[in-house]
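**Q** One structure coming up, written as structure tokens, with questions to follow.
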Amino acid sequence: MRADEIAEILQLPISRELLERDVVRLAYVAKDGTPRNIPIAFTWNGAEIVMCTTKNAPKLPALRANPMVALTIDTEVHPPKILLIRGRAELDVVDGIPDEYLQINGSYAMTPEQRVAWEAEVRSLYDGMVRIVVTPTWAKLIDFETTLPSAVEELVRQRAEREQA
């Protein structure tokens, strides 16, 4: 998929709304060869999905061995809005707490006092983290109004052909 096609999809109003959500589902292949799909907090910086994790997270050896990932951001209403993204995970080990991690968790409802306590706890627990950065190489928005899953699109096309015959 070309970069301009990806950008066009990610700039759609529904995509922008989904990219402001708190949680993405990260799919990857574990070290034992089986699939994994985990919810993880994220932020969108306009070009990349950034997730942060502990330096000892089990997903890191798997992502080093096979960095290809798939991401899903969706809603819980009918019809669902679904943003599918594929890309390659780049791992960036950092000292301290990445700014993105603090931004990610800034979307949860906390009082100012809770926020201060949470940040103090985070800073006392982590001496560093790993930023998982994914630049989209493919994207699809499914809103069930203007776009459908490809299999459903095919069924709609087949029905139209039958009705014309």
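Numbering (the numbering used here), first residue to last: 951 to 1115.
Idealized CB from N, CA, C, for every residue including glycine.
1. Can you name, in chain order, every residue of its own chain whose Cβ lies under 6 Å from the Cβ of Ala980, other than the five neighbours on each side?
2. With a threshold of 7 Å on Cβ separation, who are the neighbours of Ala997 within its own chain once the five nearest residues in sequence on each side are excluded?
3. Here's a check: name, in chain order, each residue in its chain whose Cβ is nearer than 7 Å to the Cβ of Gln1053, leaving out the five neighbours to either side.
4. Compute the Euclidean distance between the alpha carbons of Asp1045 and Lys1090, then round it to the nearest angstrom.
5. Rounded to whole angstroms, what is the Cα-Cα separation between Asp1042 and Cys1002?
6. Just checking my contact of Ile1032 with Leu1021 at CB under 8 Å: how many whole Å lie between their CB atoms?
7. Do Thr984 and Gly1037 count as a contact pair if the criterion is CB distance below 7 Å?
**A** By the coordinates alone:
1. Sequence-distant partners of Ala980 (beyond 5 residues in either direction) whose C-beta falls short of 6 Å from its own C-beta, in its chain, are Arg986, Ala1012.
2. If we look at Ala997 and ignore the five residues flanking it on each side, its Cβ neighbours are Thr1085.
3. Hits under 7 Å: Thr993.
4. Between the alpha carbons of Asp1045 and Lys1090 lies a gap of roughly 35 Å.
5. Between Asp1042 and Cys1002, the C-alpha separation is close to 9 Å.
6. Wrong, their Cβ atoms sit about 11 Å apart, outside the cutoff.
7. The Cβ atoms of Gly1037 and Thr984 lie no closer than 7 Å to each other.
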